[in-house]
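In what follows, a single structure is set out as structure tokens and then discussed.
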Amino acid sequence: MEKRKQLKKKKRLSKLLLFIVIIILSYILVFKTDIFIVVGIIVEGNNKLSYEEVVKASTCNIGENIFKIDIKKGEESLNQIPYVKKSKIKRKLPDKIIIEIEERKEVAAIQYLNLVAYIDIEGYILTIEENTGNILLPEIKGLDLESVEEGSSIYQEVSMEDMEEFILYSENLDILELMKEVDVSNKDNIIIYLKDGKLVAFGPLNNVKYKLSFLNGILDDIEKKGLEVKKILFDKGENPVIVTDNR
Numbered sequence: 013m014e015k016r017k018q019l020k021k022k023k024r025l026s027k028l029l030l031f032i033v034i035i036i037l038s039y040i041l042v043f044k045t046d047i048f049i050v051v052g053i054i055v056e057g058n059n060k061l062s063y064e065e066v067v068k069a070s071t072c073n074i075g076e077n078i079f080k081i082d083i084k085k086g087e088e089s090l091n092q093i094p095y096v097k098k099s100k101i102k103r104k105l106p107d108k109i110i111i112e113i114e115e116r117k118e119v120a121a122i123q124y125l126n127l128v129a130y131i132d133i134e135g136y137i138l139t140i141e142e143n144t145g146n147i148l149l150p151e152i153k154g155l156d157l158e159s160v161e162e163g164s165s166i167y168q169e170v171s172m173e174d175m176e177e178f179i180l181y182s183e184n185l186d187i188l189e190l191m192k193e194v195d196v197s198n199k200d201n202i203i204i205y206l207k208d209g210k211l212v213a214f215g216p217l218n219n220v221k222y223k224l225s226f227l228n229g230i231l232d233d234i235e236k237k238g239l240e241v242k243k244i245l246f247d248k249g250e251n252p253v254i255v256t257d258n259r
């Protein structure tokens, strides 16, 4: 009976020693050899941001042990960049890091003093530049802004209901890209200037989805019929008025 106890004790001790040896060898393999040293960093999903900008913000470094890289810290750092909507850092064993990002896209520009703030579809200010007059995106004018700051949301700065919905559905219907300027200085009648010279008196920002769908249908009909239209007026009653001259 005593011998059995001693035998069991020896087996437990042997297993413990084996476990300790495995832990030590694993530690040496992981942290004291070059097997898990990062030799390559792959960036996916970047268009606006450069490879170097993404890698620098990720805090990942070539030559660092792959298990010492702080994934959470790197993703949090990347998400501080205004152009980054989402980010994910993955380890590809034994020696690669993959950085996946989803970028925000500029869809409109907002004038502020002598500056231009570019926003995405959710209203986030992506970048602020000096106004050189060479603005290719639709300009939103007439907003009552106290300040602009990269990374902040324009919808937090203005008290205009349905502005977010207006930009969202305009983009989804491919109407936003047809706009040259949107003047919101008169909240009772938003004026849209299209790139082809047409003026759209949109009225107030209510029933936005319906009115934009209606406008989209009108523009399609104008194109199909080859009509020379100067103005589309939503502020003259329940049904829009089409003006084909300068009256």
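Per the working numbering, the sequence shown starts with residue 13, numbered consecutively. C-beta: ideal position from N, C-alpha, C; glycine also.
If you draw a straight line from the Cα of Ser-159 to the Cα of Val-253, it is about 37 Å long. A Cβ-Cβ distance of about 6 Å is found for the pair Val-66 and Ile-111, placing them in contact under the 8 Å criterion.
Comparing C-alpha distances from Asp-82 to each of Phe-31, Ser-70, Leu-217 shows the shortest one belongs to Ser-70. Beta-bridge analysis with DSSP links Met-191 to Leu-206. Inter-residue distance for Leu-157 and Tyr-130 is about 14 Å (C-alpha atoms, whole angstroms).
Distance check between Ile-147 and each of Glu-193, Asn-184, Ile-133, Asp-107 places Glu-193 closest, using alpha-carbon atoms only.
At the C-beta level, Glu-115 and Lys-97 come within 9 Å of one another.
A direct Cα-to-Cα measurement between Lys-199 and Ile-179 gives close to 15 Å.
DSSP places Arg-116 outside both helix and strand once states are collapsed to three, so it counts as coil. Boundaries of the alpha helix (DSSP H) harbouring Ile-179: 175 to 184, taken from the DSSP string. For Phe-214, the three-state secondary structure derived from DSSP is strand.
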